[in-house]
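Listed in order, the protein sequences are those of chains D and Y. The first sequence runs contiguously to residue 54 in the numbering used here. The second sequence runs contiguously to residue 238 in the numbering used here. A quick write-up on the structure given underneath.
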Amino acid sequence: VDLDDASPAQARAKLERMCEQLLANPLIESYEIVVRESGA
Amino acid sequence: VTSPRPRIGVIQFPGSNDDRDALWALAALEADAIAVWHAETDLPDLDAVVLPGGFSYGDYLRCGAIARFSPAMAAVASFAEAGGLVLGICNGFQILCEAGLLPGVLRPNESLTFVCRDVRLRVERTDTPFTARCAENQQLVIPVKHGEGCWFADPDLYDELEARDQIILRYDEAVNGSVHEVAGVVNEDGNVMGLMPHPEHAVDPLLGSADGALILASLVDAARERSAATV
């Protein structure tokens, strides 16, 4: 997932929401978030 | 005063294919059945809501995972929150689970194949708005048709649901690998129910069984009572 306008902390918070609400169903799926800053 | 026909909405998602069957069955059971498009942000004045079977938004990621974000579902969640009666059938059940309005999740069938046949069910509770016309422990024959109907809850969640009597229907035979053969559940408040079998396909003996009418007529009764109470 590419995020343009987020600090690493904001990105992590956004991604956690995405995972909890849509990308994974925590009842049956787990997820791991690794934030990587682009060099721009 | 004549007995009013309760107003029951059937939400139509892109991909729903049992919506018209549900509308037809509810009308045959003396309800005013009203189609509601998924893009609507407000529900019309309704006494109950049915989420029909079929598919929705391509069912990407998991069945119902996209549909739960539809505008109509925000309205359905508010309706349920206020105590409104909501019944989800098949894909409707999947959507309600993904929306967090019902416990558990529907996974691919254990066999990994589509199952389409009449199945025997056991009624676990009759003191709900969805099963009041059934007898305790009554066996019902209602068809299923799904590829992803294997209801799952982890042991802790299952024990909680069992303790709160939230399991309403169980398969009386192996069907799809559901945990403890669960076929239908209600929420904690008892106003939202989901089931994988299709009661709307079993409301006339000509169709092989009229047992589905017991479920839908229970809903119509309960909706009528609420309609009368608000007049």
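Heads up, the beta-carbon is just placed ideally off N, CA and C, and yes, glycines get one too. Keep in mind it's a predicted model, so treat the numbers as computed, not measured.
- For the C-beta of residue 42(D), the chain Y residues within less than 8 Å are, from N- to C-terminus, 112, 114, 159.
- Excluding its 5 nearest sequence neighbours in each direction, residue 141(Y) has C-beta neighbours in its own chain below 8 Å: 130, 133, 147, 221, 222, 225, listed in chain order.
- Below 8 Å, too few C-beta pairs join the stretch 11-23 of chain Y and the stretch 22-35 of chain D to call them touching: fewer than three.
- By the neighbour-count definition (other C-beta atoms within 10 Å, threshold 16), residue 44(Y) is an exposed residue.
- Under the Cβ distance rule, residue 17(D) does not count among the residues neighbouring chain Y, no pair being separated by less than 8 Å.
- In summary, residue 136(Y) is buried, with 16 or more beta-carbon neighbours lying within 10 Å of its beta-carbon over all protein chains present.
- The Cβ-Cβ distance between residue 122(Y) and residue 205(Y) does not fall below 8 Å.
- With respect to the 8 Å criterion, residue 71(Y) and residue 41(Y) are not classified as neighbours on the basis of their beta carbons.
- When DSSP reads this structure, residue 178(Y) sits in a beta bridge with 128(Y).
- The C-alpha of residue 100(Y) is placed about 16 Å away from the C-alpha of residue 65(Y).
- Nearest CB-CB separation between residue 119(Y) and chain D: not below the 8 Å threshold.
- Following the DSSP letters along the chain, one finds residue 231(Y) in no beta strand (DSSP E) but inside the alpha helix (DSSP H) bounded by residues 219-237.
- The DSSP-derived three-state label of residue 20(Y) is coil.
- Going by DSSP, residue 80(Y) is part of the alpha helix (DSSP H) stretching over 78-88.
- Shown here, residue 157(Y) sits in a strand according to DSSP, grouped into three states.
- Around the beta-carbon of residue 227(Y), 16 or more other beta-carbon atoms lie within 10 Å, marking it buried.
- Taking C-alpha positions only, residue 53(Y) is separated from residue 95(Y) by approximately 16 Å.
- Any Cβ of chain Y closer than 8 Å to the Cβ of residue 29(D) would place that residue at the interface, and such an atom is absent.
- Around residue 50(Y), the same chain offers 16, 43, 56, 79, 82, 83, 86 as residues with beta carbons nearer than 8 Å, after the five sequence neighbours per side are excluded.
- Residue 68(Y) has a beta carbon lying within less than 8 Å of a beta carbon in chain D.
- Residue contact with chain D for residue 169(Y): absent (no Cβ-Cβ distance below 8 Å to any residue of chain D).
- Under the Cβ distance rule, residue 106(Y) does not count among the residues neighbouring chain D, no pair being separated by less than 8 Å.
- A direct Cα-to-Cα measurement between residue 28(Y) and residue 168(Y) gives close to 31 Å.
- Rounded to the nearest angstrom, the gap between the Cα atoms of residue 187(Y) and residue 138(Y) is 20 Å.
- Secondary structure note for residue 40(Y): its beta strand (DSSP E) is the uninterrupted segment 39-44.
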